[in-house]
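Residue numbers (this note's numbering), protein chains in the order written: chain A, -7 to 221; chain B, -7 to 221.
Cβ coordinates follow ideal geometry from the N, Cα and C atoms, glycine included.
What you are looking at is a predicted structure, and each value in this text was computed from that prediction instead of being measured.
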DNA sequence: CTCCCTGATATTGCATTCATTTTGTGACTG
DNA sequence: CAGTCACAAAATGAATGCAATATCAGGGAG
C-alpha cells in the first residue's frame, strides 16, 4: 500500500468539531471514495493505525461502522477489505436512489423556500461556470453539493442521511464517468430542467425529472464501466 | 434497569453462525425493539457487559454500529442512550419508508415468481388465521415477515436491507398501535388488496396500495401516540 | 432556602496487552 | 517434482489498564 495521503479536495469538508471516531470514519470513507484504497484491497489495521496515529481500538470501531455503511467488508478472523464493487451492484444502488430522488422531488417542491431557491440557484450557477471552464473536478464537487442541498430542502433529515449514504457509495465510480464529457453537458441541461421544476414548485414534474436524471446517470455509468475493461 | 432478559419471540430469529460482534448488535437491537431498554434511557456499558458476559471493547463496537442504524444515540464523553423517539421522528421514517414501499411494489410486481407467490400467499393465509384467533403477537410477527418477504421479492438486496432497517426502527412503536384492533382488521383487508395486485403483477397498482398501506399505518400510529400521553 | 462551587466517584475514550486464528515458509514424503 | 505437513510469523478478536472527562454529593456563600 505504501504511503497514503488524504486528499481533502474532492468532497465538501465536514463541518466543525468532530470526535476522533467520527473523524476516523469520515477520513477512511474518503480514502475509499477517492479510490486511494482500491476495491477489494485488504485493509491492514496496523498500517492505517500508523497513518492516522491512533491505536487499533478506535480504528476497529470505525471499520465496523464503515461495514454497516457498505464501504468495507469484514471477514471474520481474516480482516477487512474495501467492499469490492462489481457492476451488478451499481444498478440496485441507483434503483434505490431513484426512489429517494422521487421522494426528494415530491417533498422539496412543496417545502422549498425562497432562501433555498437562492442558495441552490447559486450552486446551479456555479455548476454552469465550472462546465464552461471545463473544470471537471469542480463540477463534480458542485454536482454533489447540488443534490445534497436538494435533499436537505426535503426537510426530512433521515431522507438526507440515507440519500447521502447512497451518493457516497456511488461516488467511488465517479472517476469512471467523469471522462464522459458529453454526459456532463446533458447532465447540466437536466439540472436546468430540475431548477425550473423546483422554482415552479411542481412536485410530480420535479420528481419525474430527478428520477430521469438518476436513470440517465446510471445508464452512463454502466456504459462507461462496460467500455473500460 | 435491574435484571434484563432477552426475549426471542417477537422477531424472526436470525439464522445460523454469527460472530460475537453480530450477535451483540443483534441482541442489543432486539432489547430496544422490544422496549426492554426504554427510550431515552441511559445505557451503562458496565451493566450490559455483565449482562452479555463480554468486555467493553466488543460492546462499544456494537454501540457504534447501533448508533449508525439510529437505535442509540452517542453523546461524546457522556455515554449512549437509547435513541429517544419523539413523534416528530415517526413521520419522516414513514415518509421515507413510503418511497421504498413504492419501489418494492413496482419491482416486486415485475419480478415475482410463482414460488414467491406461494410463499407469501402462505404467510398471508397465516395472517388471516392469526387475526381470526385474535393472536395479536403472532399477527404482528407475521405482518413483519410478510413485508420483509415482499421486499425480498424486489430482488434488490440493498433495498431489502434499507427497508428492514426502517421497519425495525418503527417496530419499537408497534406496541402502541397493537391496541388499535380496528386498524388491524383494516390492515388485513389492505393486505388482501396487496396480494391481489401482486398476483395480477400490476406494478403501479401494487405500488399505490403499498404506499397507501404505509400511509394509513403511519396515521394510525400517530393517532395512537397522541391518545396515550 | 436556593444557588454555586468543590472534590470524590463513576464512566468514558483510547492505548496496551494477551489469546486465538490465519497466513506464509520450508522441509519432508510419496 | 508436486503435494502435504509442521512450524514460525503475522494479524485479528477480545480483555485489561490508564488518563481524561463527566456526574454527583456535600458544604458554603448569598
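Check, Outcome
"Check whether the Cβ of residue 143 of chain A lies closer than 8 Å to any Cβ atom in chain B.", "no"
"State the Cα-Cα distance for the pair residue 136 of chain A and residue 210 of chain A, rounded to the nearest angstrom.", "15 Å"
"With 8 Å as the threshold, decide whether the Cβ of residue 149 of chain B is near any Cβ in chain A.", "yes"
"When you compare the CB of residue -5 of chain B with every CB in chain A, is at least one pair closer than 8 Å?", "Confidence at residue -5 of chain B is low in this model, with a pLDDT of 34, below 50, so the placement of that residue should be treated as unreliable; the coordinate-derived value is given next. Closer than 8 Å: no."
"Is residue 56 of chain A close to chain B? Criterion is C-beta to C-beta, closer than 8 Å.", "yes"
"Taking the alpha carbon of residue 131 of chain B as the reference point, which residue from B:176, B:105, B:49, B:22 has its own alpha carbon closest?", "B:176"
"Under 8 Å between beta-carbons, which chain A residues line up against residue 49 of chain B? List them in chain order, please.", "49"
"Can you grab the Cα-Cα spacing for the pair residue 124 of chain A / residue 109 of chain B, in whole Å?", "53 Å"
"Would residue 33 of chain A pass as an interface residue toward chain B - the criterion being a Cβ-Cβ separation below 8 Å?", "no"
"Assess contact between the segment 17 to 35 of chain B and the segment 73 to 80 of chain B, defined as three or more Cβ pairs (one per stretch) separated by less than 8 Å. Is contact present?", "yes"
"Give the DSSP-derived three-state secondary structure of residue 34 of chain B in the structure shown.", "strand"
"Could you tell me whether any Cβ in chain A is nearer than 8 Å to the Cβ of residue 154 of chain B?", "yes"
"Exposed or buried, what is residue 201 of chain A when buried is set at 16 or more other beta-carbons lying within 10 Å of its beta-carbon?", "buried"
"Between which two residues does the alpha helix (DSSP H) containing residue 137 of chain A stretch?", "128 to 145"
"Which runs of the alpha helix (DSSP H) at least 4 residues long sit entirely within the segment 62 to 101 of chain A? Give them in chain order.", "none"
"Can residue 161 of chain A and residue 90 of chain A be called in contact, C-beta distance under 8 Å?", "no"
"In angstroms, rounded to a whole number, what distance separates the CA positions of residue 113 of chain A and residue 187 of chain A?", "8 Å"
"Once you ignore the five residues that flank residue 103 of chain A on each side, which residues in its own chain have a CB closer than 6 Å to its CB?", "147"
"Quick check: the Cα distance between residue 41 of chain B and residue 53 of chain B, rounded to an integer number of angstroms?", "12 Å"
"Helix, strand or coil: how does DSSP classify residue 214 of chain A here?", "helix"
"Using the Cα positions of residue 150 of chain B and residue 25 of chain A, report the straight-line distance between them to the nearest angstrom.", "19 Å"
"Less than 8 Å between the C-beta atoms of residue 141 of chain A and residue 121 of chain A, yes or no?", "no"
"So with CB distances below 7 Å, who are the chain B contacts of residue 233 of chain A?", "Nothing about residue 233 of chain A can be reported from this structure: the residues present for chain A run from -7 to 221 only."
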